[in-house]
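See structure below.
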Amino acid sequence: MVKKQVKISVALNRKALYDYEIIETFEAGLCLKGPEVKSLRKGQANLSSSFARAEEDGIYIYGLQIQPYEFNSVIKIDPLRVRKLLLNKTEIKKISSKSREKGFSLIPLEIYFKNGWAKISLAIAKGKKTFDKKEKIKERDLNRDVRRDIKNKY
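This is the structure:
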């Protein structure tokens, strides 16, 4: 019998989907300490101002805020500490070469649990200009109006 893969979403970076054009996505593991995992399971994470950077020994995520676990009295952990992402060497090389190109950034999209392991969805993205954002909003409004007209017509 094959086990079903369960994905439980913890935090979503909605602003990234609005501000960036997503080119390619990757899944990476998060290197966490015990109380951080418990906080994540409670959904106490904030991705809004976080970003990832490729360095010589791996890829690290900055600005990821995981609130301290309220019942932890042993280990004091900084909520904004830099965390290492767990990836294969080939993935690290591919991501670092792409992210060093002009105009590309590494943006975290979502944190989730997959079969009990904390994972993060990373994207290689390109920043949108303001006119692109306005154009996208107009397009979305037009599509909404068309769907509304079709629904009312029939």
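Taking our numbering, the leading residue of the sequence shown gets 1237, the next gets one more, and so forth.
Where is the CB? At the ideal position from N, CA and C, for every residue including glycine.
Nothing here was measured: the structure is a model prediction, and the numbers come from that model.
Nearest-angstrom Cα separation, counted from residue j out to residue i
i: Ser1332; j: Asn1388; result: 50 Å
i: Leu1358; j: Glu1292; result: 18 Å
i: Lys1320; j: Cys1267; result: 6 Å
i: Ala1247; j: Val1382; result: 32 Å
i: Lys1370; j: Gln1241; result: 38 Å
i: Gly1352; j: Asn1249; result: 21 Å
i: Lys1362; j: Phe1340; result: 5 Å
i: Ile1373; j: Lys1243; result: 30 Å
i: Ile1258; j: Lys1251; result: 12 Å
i: Lys1364; j: Tyr1390; result: 37 Å
i: Asp1377; j: Asp1314; result: 42 Å
Under 8 Å between C-beta atoms of residue i and residue j
i: Lys1269; j: Ile1297; result: no
i: Ser1309; j: Leu1300; result: no
i: Leu1323; j: Ala1264; result: yes
i: Ile1328; j: Ile1356; result: no
Boundaries of the alpha helix (DSSP H) in which residue i is found, first to last residue
i: Ile1331; result: 1325 to 1335
i: Leu1253; result: 1250 to 1255
i: Lys1389; result: 1366 to 1389
Element boundaries [beta strand (DSSP E), containing residue i]
i: Val1273; result: Counting along the chain, Val1273 falls outside any beta strand (DSSP E), though it belongs to the alpha helix (DSSP H) covering 1270 to 1277.
i: Lys1355; result: 1353 to 1363
Residue from the options with nearest C-alpha to residue i
i: Gln1303; options: Lys1325, Leu1276, Thr1326, Asn1379; result: Leu1276
i: Glu1306; options: Gly1339, Glu1272, Lys1329; result: Glu1272
i: Asp1368; options: Tyr1256, Gln1280, Ile1313, Glu1337; result: Tyr1256
i: Ile1347; options: Ile1313, Gly1279, Ile1328; result: Gly1279
i: Phe1262; options: Asp1314, Ser1245, Arg1376, Leu1342; result: Leu1342
i: Ser1284; options: Thr1326, Ile1313, Leu1345; result: Leu1345
i: Arg1336; options: Lys1274, Leu1378, Arg1289, Thr1326; result: Arg1289
i: Lys1338; options: Lys1350, Ile1360, Ala1354; result: Ile1360
i: Ser1245; options: Tyr1254, Ala1281, Glu1260, Arg1384; result: Ala1281
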